[in-house]
Structure formats: C-alpha cells, structure tokens
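**Q**
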Amino acid sequence: RGTVISTHPGFGTVTMCFAFSHDDAYLAASSVAGDVALFDTNSGEKLWQVTLTAAIEPLILVRSIVFSPDGTRLLATVSNGEVAVLDTPTGTTVHTFREHKDQEYRNPVQAVRFSEDGKSVTSVSRDGAILVWNVETGHELQPVEQTARGTAELPSVTAISPDHLSIATGHADGTLRVWDRREGKSQI
41 RGTVISTHPG FGTVTMCFAF SHDDAYLAAS SVAGDVALFD TNSGEKLWQV
91 TLTAAIEPLI LVRSIVFSPD GTRLLATVSN GEVAVLDTPT GTTVHTFREH
141 KDQEYRNPVQ AVRFSEDGKS VTSVSRDGAI LVWNVETGHE LQPVEQTARG
191 TAELPSVTAI SPDHLSIATG HADGTLRVWD RREGKSQI
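Counting in my numbering, the sequence shown runs from 41 upward without gaps.
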C-alpha cells in the first residue's frame, strides 16, 4: 500500500500527463484544456500555470512533458505537432518549435529527448520525421534527411536512445524497427 505524501490543487479538469524533475523537487502536469503547471513536491504549492496558445484550439492537447537534465527547461509536446520550450522557474515560453506542425493534426510528436547537456533536443513525429534542434532558438542544428518515412506503416510509437543515435519505431503491423539516425537505415 502506498501513502499519500502530498496533495496538489490540480486543474479542475482532467489531467493528461505528469513529469518529475530529475531531483524530484518539482512535478509538472498538463490538463485537457492545454494548461501546464509546475508544483513544488514538498509543499504541494502550485508555482505557476500557463495555457499554451496552440492548445486553445479544440481537441489540441498537451501530450507529454519532459524536464531538461538540469531542470531549467521543460518541453511540452502538443498534439498539433508543436513543441513548446518553457522556462521552468517562470513558466514563460522560451520558444515554440513548429517544424512538425500539421494543419490536420495527424502528425503529433511521438517522442522527444533532451541531449545530456540540455542544449539540443531530438524529436520524432508520427510521420517518421527525425529532427535535432537547438533548445534556445528552435533552429535545426543539422538537417536530418534520414527518417522512418517510406516504411509500410507509419510509426504508432517511438523512443529515442539516451545518446540520440538510435530511434525505435513500433508499427501497427507489429514491426519494431531501430534506426541509426546517422545512416537513416533500420538496424533490425
């Protein structure tokens, strides 16, 4: 049995996802209304709450949230393909990365991972596009021509290795592929 150690005020609507900071000092959460909030895990205090602009549109949800290794930035992936970079202490949007954006909302970011130094991010969208970009500017650091595009089935789930060099994609036909990002070839 678990014991409740703190209770947080929440959103007043359905919560979509959570992420703990690496030091467990903070809990970030998102709601179905497109809100992202940061809570102090010791006191339960809500430190800030913001509504992402893209998420104001109907059926646009914050799908996942991820802290940077040093905890100073927070990524929020939005179901229309945008990725917002938030300043953890203030909740201010530093940049919104829109390269995956799809007007028909069929191209959400499936996986996103900070580099170990927190300066870059690798993201993979539903159509198989693999992008590496600068966290502060949102500019692509290098063109990544190699993608999972062109496979029989678009990926339904993806994961990114800690070193950003391998991307795993799972497909509706039951296939699992591991991609070498540098070569653009499936390893299995």
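Glycine included, every Cβ here is placed at the ideal spot set by N, Cα and C.
Values in this document were obtained by computation on a predicted structure and should not be read as measured data.
Would you tell me roughly how many angstroms separate the C-alpha atoms of A188 and R138, rounded to the nearest one?
**A** Reliability of the predicted coordinates at A188 is poor, the pLDDT of 49 falling under 50, and no value is obtained from them.
**Q** Taking a contact to mean a Cβ-Cβ separation below 8 Å, would you say V118 touches V125 in this structure?
**A** Result no, Cβ atoms of V118 and V125 do not sit closer than 8 Å.
**Q** Check whether chain D comes within 8 Å of V197, counting only Cβ atoms and requiring the distance to be less than that.
**A** Although the question refers to chain D, the structure presented lacks it and comprises just one protein chain.
**Q** Alpha carbon to alpha carbon, how far is D213 from G84? Give it in angstroms, no decimals.
**A** G84 and D213: Cα-Cα distance of roughly 44 Å.
**Q** DSSP state of V149, grouped into three classes?
**A** Of the three classes helix, strand and coil, the one that applies to V149 here is strand, per DSSP.
**Q** Among all the DSSP beta bridges, which residues are the ones paired with N120?
**A** None, per the DSSP bridge assignment.
**Q** Thinking C-alpha only, which one of V164, S108, S163 is nearest E156?
**A** Among V164, S108, S163, the Cα nearest to that of E156 belongs to S108.
**Q** Residues in the same chain with beta-carbon distance under 6 Å from A68, minus the five sequence neighbours each way, listed in chain order, please.
**A** For A68, where only same-chain residues beyond five positions count, the Cβ hits under 6 Å are A59, L78, I105, L114.
**Q** Could you work out which residue in W173, G52, T209, S163 is closest to S70 when comparing CA atoms only?
**A** Nearest option by C-alpha distance: G52.
**Q** Looking at the structure shown, is L158 part of a helix, part of a strand, or coil, going by DSSP?
**A** Correcting the residue type first, residue 158 is Gly in the shown sequence and not Leu. In the structure shown, G158 sits in coil (DSSP, three-state: anything other than H, G, I, E or B).
**Q** The beta strand (DSSP E) that contains I45, what's its start and end?
**A** I45 -> no beta strand (DSSP E), and no H or E assigned at all.
**Q** Tell me, to the nearest whole angstrom, how far the beta carbon of V175 is from that of S163; I am working on the premise that it is less than 8 Å.
**A** So it is not a contact: roughly 11 Å between Cβ atoms.
**Q** Which of helix, strand or coil does DSSP assign to V76?
**A** Strand at V76.
**Q** Pick from L171, D220, L181, V197: whose alpha carbon is nearest that of S206?
**A** Checking every option, the nearest Cα to that of S206 belongs to D220.
**Q** What separation, rounded to the nearest whole angstrom, lies between the Cα atoms of I170 and I200?
**A** Distance between the alpha carbons of I170 and I200 is about 10 Å.
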